[in-house]
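Okay, structure first, notes after.
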Amino acid sequence: MTEMKYKRNFCIVAHIDHGKSTLSDRLIQRAKIIDDRQMKNQILDSMDIERERGITIKSQAVTIPYHANDGHDYELNFVDTPGHVDFSYEVSRAIASCEGALLLIDASQGVESQTVSNMYLALEHDLTIVPVINKIDLPSADIPNVKHQIEHDLGLSVDNIQLVSAKTGQGIDALMEAIVKRFPPPAGNLDAPLRALIFDCNYDSYRGVVVHVRIIDGQLKTGDTIKFMNSDAEYKVEQVGIFRIKFEETGELAAGDVGYIIAGIKTVSDVRVGETITLAENPAQEAMPGFKDVKPVVYSSIYPLDSNDYEELKDSMDRLKLNDASLVFEKDNSLALGNGFRCGFLGLLHLEIIQERLERDYDQAVIFTAPSVRYRLVLTNGDAVFIDNPSEYPSGRIRSAEEPYIRASIITPAEYIGSIIALCTEKRGEQTNMVYLDEKRVELTYEMPLAEVLFDFYDKLKSYSRGYASFDYEVIEYRATDLVKVDILINGKIVDALSFLTYKLNAVKRAHEVCSRLKDEISRQQFKIAIQGAIGSQIIARETVNPVRKDVTAKCYGGDISRKRKLLEKQKEGKKRMKMVGNVELPQSAFLAVLKEKEN
Numbered sequence: 024m025t026e027m028k029y030k031r032n033f034c035i036v037a038h039i040d041h042g043k044s045t046l047s048d049r050l051i052q053r054a055k056i057i058d059d060r061q062m063k064n065q066i067l068d069s070m071d072i073e074r075e076r077g078i079t080i081k082s083q084a085v086t087i088p089y090h091a092n093d094g095h096d097y098e099l100n101f102v103d104t105p106g107h108v109d110f111s112y113e114v115s116r117a118i119a120s121c122e123g124a125l126l127l128i129d130a131s132q133g134v135e136s137q138t139v140s141n142m143y144l145a146l147e148h149d150l151t152i153v154p155v156i157n158k159i160d161l162p163s164a165d166i167p168n169v170k171h172q173i174e175h176d177l178g179l180s181v182d183n184i185q186l187v188s189a190k191t192g193q194g195i196d197a198l199m200e201a202i203v204k205r206f207p208p209p210a211g212n213l214d215a216p217l218r219a220l221i222f223d224c225n226y227d228s229y230r231g232v233v234v235h236v237r238i239i240d241g242q243l244k245t246g247d248t249i250k251f252m253n254s255d256a257e258y259k260v261e262q263v264g265i266f267r268i269k270f271e272e273t274g275e276l277a278a279g280d281v282g283y284i285i286a287g288i289k290t291v292s293d294v295r296v297g298e299t300i301t302l303a304e305n306p307a308q309e310a311m312p313g314f315k316d317v318k319p320v321v322y323s324s325i326y327p328l329d330s331n332d333y334e335e336l337k338d339s340m341d342r343l344k345l346n347d348a349s350l351v352f353e354k355d356n357s358l359a360l361g362n363g364f365r366c367g368f369l370g371l372l373h374l375e376i377i378q379e380r381l382e383r384d385y386d387q388a389v390i391f392t393a394p395s396v397r398y399r400l401v402l403t404n405g406d407a408v409f410i411d412n413p414s415e416y417p418s419g420r421i422r423s424a425e426e427p428y429i430r431a432s433i434i435t436p437a438e439y440i441g442s443i444i445a446l447c448t449e450k451r452g453e454q455t456n457m458v459y460l461d462e463k464r465v466e467l468t469y470e471m472p473l474a475e476v477l478f479d480f481y482d483k484l485k486s487y488s489r490g491y492a493s494f495d496y497e498v499i500e501y502r503a504t505d506l507v508k509v510d511i512l513i514n515g516k517i518v519d520a521l522s523f524l525t526y527k528l529n530a531v532k533r534a535h536e537v538c539s540r541l542k543d544e545i546s547r548q549q550f551k552i553a554i555q556g557a558i559g560s561q562i563i564a565r566e567t568v569n570p571v572r573k574d575v576t577a578k579c580y581g582g583d584i585s586r587k588r589k590l591l592e593k594q595k596e597g598k599k600r601m602k603m604v605g606n607v608e609l610p611q612s613a614f615l616a617v618l619k620e621k622e623n
């Protein structure tokens with residue numbers, strides 16, 4: 024077994040698209056733990072969605088051997104982390120299992136907003152940071168400028184910067200040496216009682232829950248009886264080992280190791296990430312401090328397209344929950360769409376990924392309702408309640424309402440600053456800071472409602488800045504707002520699945536958008552259909568689907584005008600009667616159209 028002083032645990036963190044997964048590929052290739060025939064791009068990204076979108080969603084750990092220039096054999100444990108802000112909880116968990124972090128920076132893009140936030144995450148855990156400039160082979164690489172940004176924006180020493188091209192493999196050997204020299208070995212006591220921190224878990228349909236652990240103190244062997252320190256549950260260890268792309272059984276793990284445990288655990292809900300594992304016979308005195316609980320920020324309801332598929336959807340949600348502990352859901356139902364689930368997500372990308380996985384991995388045809396945030400209401404009787412579902416809105420019983428605010432950090436080239444400030448102001452943002460990082464780049468800090476960021480903020484930010492602006496945010500607090508519930512009526516009947524909560528001054532605009540999209544989707548009937556947006560009994564928007572008309576006066580050639588008028592009046596009466604009994608069927612595409620932004 025490798026001595027502790029020859030082990031190194033580190034993670035790779037960076038902004039989106041700065042090359043984390045590609046660098047992981049090169050490190051794995053350099054270690055030759057799999058042959059070239061099995062090697063493929065994004066080897067650690069196991070989900071199809073990750074490969075197609077070119078993003079990492081789940082952190083992945085791997086252990087590789089390295090023979091250093093000093094003649095010793097080292098064992099390197101590293102974690103490839105996601106870059107997107109929705110999955111920053113994955114990054115914080117990966118960081119807790121490491122002593123060092125490679126902070127990757129794109130040689131053409133430079134320091135971006137999540138580069139800064141990931142660096143602070145690493146510093147909070149006292150990690151040693153090695154800055155790495157990646158993509159040095161690009162024609163647009165500006166290495167001197169990026170070095171200046173690292174020193175100026177991040178306050179890191181220029182002497183420690185490593186230059187690599189993860190694509191071509193240039194500079195990888197020097198980087199491996201820097202990892203061995205710069206990162207400290209893990210600190211831990213081999214002879215102390217076992218303490219192991221759970222930093223992730225996933226579900227295997229053959230073996231049950233596979234628990235990913237970092238051993239802090241002591242040793243763990245196959246056959247040991249382990250105990251979860253918070254829940255007091257006990258399990259017998261069936262298999263322990265390390266990650267070598269696939270699981271590699273080693274029979275034991277010791278202080279400083281990162282590996283996995285299989286112990287016949289049935290469901291992921293039995294395992295809490297951040298829990299401490301110890302031995303039942305010789306327990307540790309105190310548990311490790313865990314992680315903050317993941318809190319959903321965006322809420323939406325999911326319904327099956329065909330209400331008969333509800334049980335299938337329920338099974339799919341349960342199976343999906345096994346591999347995504349951050350997904351929160353409860354039963355929900357709607358008059359228009361039947362039974363479904365109210366779900367909490369970490370952000371809109373997380374919602375999209377869940378939707379795509381339900382459709383592709385589980386063959387479910389589903390409808391998602393418009394995303395909403397969680398509001399805090401104080402009722403007239405003094406009770407405080409949280410609501411995220413428009414159907415629970417207690418109209419007429421509200422004394423005050425508050426909505427979640429975020430602190431947004433935007434780094435942009437200076438020439439786009441005017442349009443970005445206008446966009447943030449339009450979204451009710453308040454500027455709290457503006458710093459020129461250098462002659463070309465500006466960092467803007469805004470406090471704005473989370474609800475305003477949900478719909479099209481990110482897309483507009485990218486289009487206004489031609490893709491150069493980067494965006495990062497954290498939820499900070501609840502602040503007072505003027506909240507209203509907007510109902511959508513079709514022929515005077517409320518369609519509950521289309522109702523939404525919004526800021527009062529935005530209500531008319533949002534209601535007009537929804538009504539005009541529905542008008543495009545609802546097919547014409549024999550009678551006039553009114554589509555209305557209303558706050559309580561006050562109508563604030565209206566669109567009309569005109570009826571299909573038969574020319575009843577076609578037979579009248581000349582003659583008295585009163586005869587024509589009589590026929591038209593008769594038709595009018597008929598249409599009025601038809602409207603009273605006529606139900607308008609809403610096509611499924613209508614629900615989907617309301618969610619999508621209208622193409623300009």
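When you line the sequence shown up against our numbering, it's residues 24 to 623, in that order.
Glycine included, each C-beta is placed from N, C-alpha and C at the ideal position.
Measure the C-alpha to C-alpha separation of residue 287 and residue 233 and round it to an integer number of angstroms. 9 Å
Is DSSP giving residue 418 helix, strand or coil here? Looking at residue 418 - three-state DSSP - the assignment turns out to be coil, as it is neither helix nor strand.
Report yes or no: do the segment 406 to 413 and the segment 429 to 445 share at least 3 C-beta pairs separated by less than 8 Å? no
Could you say which of 241, 312, 322, 334 lies nearest to residue 301 if we only look at CA atoms? 241
Look up residue 311 in the DSSP assignment and say whether it is helix, strand or coil. Here residue 311 sits in coil by DSSP.
Going by DSSP, what residues sit across from residue 98 in a beta bridge? 30, 88
On the premise that residue 552 lies in contact with residue 534, defined as a C-beta separation below 8 Å, what is that separation, rounded to the nearest angstrom? With 8 Å as the limit, residue 534 and residue 552 do not qualify as a contact, their Cβ atoms being about 17 Å apart.
In the DSSP assignment, what are the bridge partners of residue 457? For residue 457, which the question treats as bridged, DSSP gives the partners 467.
If you draw a straight line from the alpha carbon of residue 526 to that of residue 53, how long is it in whole angstroms? Straight-line measurement puts the Cα of residue 53 at about 55 Å from the Cα of residue 526.
Count the other C-beta atoms from every protein chain shown that fall within 10 angstroms of the C-beta of residue 569, then say buried if there are 16 or more, exposed otherwise. exposed
Beta strand (DSSP E) runs contained entirely in the segment 498 to 583, provided each spans 3 or more residues: 506 to 513, 523 to 526, 552 to 558, 561 to 568
At a cut-off of 8 Å, is residue 127 close to the ligand ADP when judged by its beta-carbon and the heavy atoms of the ligand? This structure does not include the ligand ADP; it has no bound ligands of any sort.
Exposed or buried, residue 120, counting other C-beta atoms within 10 Å across all chains shown (16 or more means buried)? buried
Which residue from 290, 137, 117, 175 puts its Cα closest to that of residue 148? 117
Rounding to the nearest angstrom, what Cα-Cα distance links residue 353 and residue 29 in this structure? 48 Å
Take residue 446 as the anchor and find which of 401, 417, 483 has the nearest alpha-carbon. 483
C-beta atoms of residue 390 and residue 327 nearer than 9 Å: Yes, these two residues count as a Cβ contact at 9 Å.
Given that a residue counts as buried once 16 or more other Cβ atoms are within 10 Å of its Cβ, and exposed if not, what is residue 338? exposed
So, with DSSP's three-state summary, where would you put residue 35? strand
Close-in-space but distant-in-sequence residues of the same chain around residue 161 (CB under 7 Å, 5 per side omitted): 130, 131
Is the segment 413 to 422 touching the segment 461 to 471, taking contact as three or more C-beta pairs under 8 Å? Between the segment 413 to 422 and the segment 461 to 471 there are fewer than three inter-stretch CB-CB distances shorter than 8 Å, so the stretches are not counted as touching.
Within its chain, find whatever has a CB closer than 7 Å to the CB of residue 530; leave out the 5 residues flanking it on each side and keep chain order. 507, 509, 558, 563
Spell out a yes or no on whether the segment 173 to 188 and the segment 138 to 146 are touching, meaning 3 or more CB-CB pairs, one atom from each, closer than 8 Å. Touching, per the Cβ criterion.
Since residue 205 and residue 220 are thought to touch, with beta carbons under 8 Å apart, how far apart are those beta carbons, to the nearest angstrom? About 23 Å separates the two Cβ atoms, so there is no contact after all.
Does the structure place the segment 39 to 50 close enough to the segment 191 to 202 that three or more beta carbon pairs sit under 8 Å? Yes, the segment 191 to 202 is in contact with the segment 39 to 50.
For residue 159, which option in 187, 183, 152, 419 has the closest C-alpha, if you only look at C-alpha atoms? 187
Under the three-state DSSP convention, the category residue 69 falls into: Note on residue 69: pLDDT 49, under 50, position unreliable in the model; the coordinate value appears next. It is coil, neither helix nor strand.
May I have the straight-line CA-CA distance separating residue 318 from residue 91, to the nearest angstrom? 43 Å
Tell me whether residue 242 sits in a helix, a strand or coil according to DSSP, three-state version. strand
Write down every uninterrupted run of the beta strand (DSSP E) in the segment 173 to 259 whose length is 3 residues or greater and which is fully enclosed by it, in chain order. 218 to 227, 231 to 240, 242 to 244, 248 to 251, 257 to 259
My output table needs one value for residue 626: the three-state DSSP class, helix, strand or coil. An answer regarding residue 626 cannot be provided, because it is not within the stretch 24 to 623 covered by the chain.
Keeping to the same chain, check which residues put their C-beta closer than 7 Å to that of residue 168; ignore five residues upstream and five downstream. 133
Which residues bound the beta strand (DSSP E) around residue 262? 262 to 267
Residue 69 classed as buried or exposed, judged by whether at least 16 other C-beta atoms fall within 10 angstroms: For residue 69, the predicted model reports a pLDDT of 49, less than 50, meaning its position is unreliable and no value from the coordinates is stated.
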